[in-house]
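I have placed the structure first, in the form of structure tokens, so that the comments after it can refer back to it.
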Amino acid sequence: VDDVIITAKLGQQLVPIPEGASYLGFIFAGGQTSEDVIAAVRQAHRHLHFAVDREIPML
Numbered sequence: 059v060d061d062v063i064i065t066a067k068l069g070q071q072l073v074p075i076p077e078g079a080s081y082l083g084f085i086f087a088g089g090q091t092s093e094d095v096i097a098a099v100r101q102a103h104r105h106l107h108f109a110v111d112r113e114i115p116m117l
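Position 28, counted from 1, in the sequence shown is what the working numbering calls 86; the numbers after and before it change by one each time, with no gaps.
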């Protein structure tokens, strides 16, 4: 894995894809084969943990 960039901001409303227009972030990796890259990205993804609360409507 070359880099992990989290683009979501604390307090930002998250809307799931496809309705939403952004991702939580990106994992960048390189390797000898596409299988190596996929394995590296999947392993990195397993180490990420996010706490996402439900939106509470304001009255």
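Cβ coordinates follow ideal geometry from the N, Cα and C atoms, glycine included. None of the values given here were measured: they were computed from a predicted structure.
Classification of residue i by the beta-carbon crowding that lies within 10 angstroms, buried from 16 upward
{"i": "Ile85", "result": "buried"}
8 Å contact criterion, which residue i and residue j should meet: CB distance rounded
{"i": "Val59", "j": "Ala97", "result": "Not a contact, Cβ separation roughly 10 Å."}
Residues near residue i by beta carbon distance below 8 Å, same chain, minus five either side
{"i": "Leu72", "result": "Ala66, Gly78, Leu82 and Val110"}
{"i": "Pro74", "result": "none"}
Own chain, CB closer than 7 Å to residue i, minus 5 neighbours either side, in chain order
{"i": "Ile64", "result": "Leu82 and Gly83"}
Simplified DSSP state of residue i, which is helix, strand or coil
{"i": "Val110", "result": "coil"}
{"i": "Val62", "result": "strand"}
{"i": "Ile75", "result": "coil"}
Same chain, Cβ closer than 6 Å to residue i, neighbours up to 5 away in sequence not counted
{"i": "Val95", "result": "Ala87 and Gly89"}
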